[in-house]
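Trainee: I have a structure here, written as structure tokens, and I will follow up with some questions on it.
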Amino acid sequence: MSSIGDDAAVGGRCAVHMPRTARTVTDLPRVGRFPAVQPGQPAIERLAPTSELLGFRGPTACAAAGITYRQLDYWARTGLLEPSVRTTYPATSQRLYSFRDILLLKIVKRLLDAGVSLQNIRVAVAHLQAADQADLAGMTLMCDGATVYECTTPQQVVDLLKGGQGVFGIAVGAVWRELELTLGRLHAERTDTGETLVGNDPGDELAQRRNRAV
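Using the working numbering, you'd call the opening residue of the sequence shown number 1 and step up by one each time.
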């Protein structure tokens, strides 16, 4: 178990890692289907929301993470969490977030709601950005309101609870699975071609049928 929050709160040291380098996509957009495979397309075109070939625009990231666009814009401009796929430079482009970015957005929102300081959230975000993607699914973040702890085993969670202080936990794997389902219903963009991929949202299909019936 390791602390990824305030050094002074736990008397230890924590490593801060730099965010990943942003990538730029300049291809012109087209329209496709996501994640379904269209007739004549090879099976490799069936992309999961976690694929590195997919990016999500700001409004989609907000909807999936449960935050406002104002929060998204502020966090990007202040460097708390910038999009790793594409920033707003050049000015004519739109931000493009990866699945991992939006996962962190959801976690940031929950930490803020729990009263965690912005300074500790910045350290936690840097730690999660540097973690291997395979490790995130088995990670639990515990917080006592001042410090964020990374727990990778059930015993570490129990040990924290034995301390007697009030803590809350975020099971990153559970947030991951929830986000996969959400993004599977929303629009995405291919990072290699700029193609717009339309999500499979049953609610949208029902609305379209009702509109046609009117």
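Note that CB positions come from ideal geometry on N, CA and C, so glycine has one too.
Tell me which same chain residues have a C-beta within less than 7 Å of the C-beta of G115, skipping the five on either side of it?
Mentor: Taking C-beta separations shorter than 7 Å and ignoring five residues to either side along the sequence, the partners of G115 in its chain run G145, following chain order.
Trainee: In chain order, what residues of the same chain have a beta carbon less than 8 Å from the beta carbon of A131, not counting five sequence neighbours either side?
Mentor: M139
Trainee: Name the DSSP bridge partner or partners of I170?
Mentor: L141
Trainee: Tell me, please, which residues DSSP counts as bridged to F56.
Mentor: Y97
Trainee: Using the Cβ count rule (16 or more neighbours within 10 Å means buried), how would you classify G79?
Mentor: exposed
Trainee: Would you call the stretch 91 to 106 and the stretch 54 to 69 in contact, with 3 or more CB pairs under 8 Å?
Mentor: As far as the Cβ criterion goes, the stretch 91 to 106 touches the stretch 54 to 69, which means the pair count is three or higher.
Trainee: Compute the Euclidean distance between the alpha carbons of Q71 and G163, then round it to the nearest angstrom.
Mentor: C-alpha separation (whole angstroms): 34 Å.
Trainee: Going by DSSP in three states, E241 sits in which element: helix, strand or coil?
Mentor: A query on residue 241 cannot be resolved here, the shown segment of the chain reaching from 1 to 214 and no further.
Trainee: Let me know if E178 comes out buried or exposed under the rule of 16 or more other beta-carbons within 10 Å of its beta-carbon.
Mentor: exposed
Trainee: Restricting to Cα atoms, I'd like to know which of V198, A134, R122, D159 is closest to V172.
Mentor: A134
Trainee: Kindly indicate the opening and closing residues of the alpha helix (DSSP H) around R185.
Mentor: Here R185 belongs to no alpha helix (DSSP H), and DSSP marks it neither H nor E.
Trainee: Tell me whether T182 is buried or exposed, calling it buried when 16 or more other Cβ atoms sit within 10 Å of its Cβ.
Mentor: buried
Trainee: Take the Cβ of V125 as the centre, count every other Cβ of all protein chains shown within 10 Å, and call the residue buried at 16 or more, exposed below.
Mentor: buried
Trainee: As a quick exercise: from K106, T191, Q119, V198, pick the residue whose alpha carbon is nearest that of R86.
Mentor: Looking at the Cα atoms, T191 is the closest of the given residues.
Trainee: Which residues in the same chain have their Cβ closer than 8 Å to the Cβ of L28, if we skip the five residues on either side of it in sequence?
Mentor: Below a pLDDT of 50, predicted positions are generally treated as unreliable, and L28, at 36, falls in that range; no measurement from the model is reported.
Trainee: In whole angstroms, what separates the C-alpha of C143 from that of F168?
Mentor: 5 Å
Trainee: Short of 8 Å in beta carbon distance, which residues of its chain neighbour L53, apart from the five on each side in sequence? Order them along the chain.
Mentor: L47, R190, T191, D192
Trainee: Once you ignore the five residues that flank G50 on each side, which residues in its own chain have a CB closer than 6 Å to its CB?
Mentor: Before going on, a small fix: residue 50 reads as Thr here, not Gly. Excluding residues within five positions, the ones whose Cβ falls inside 6 Å are F99.
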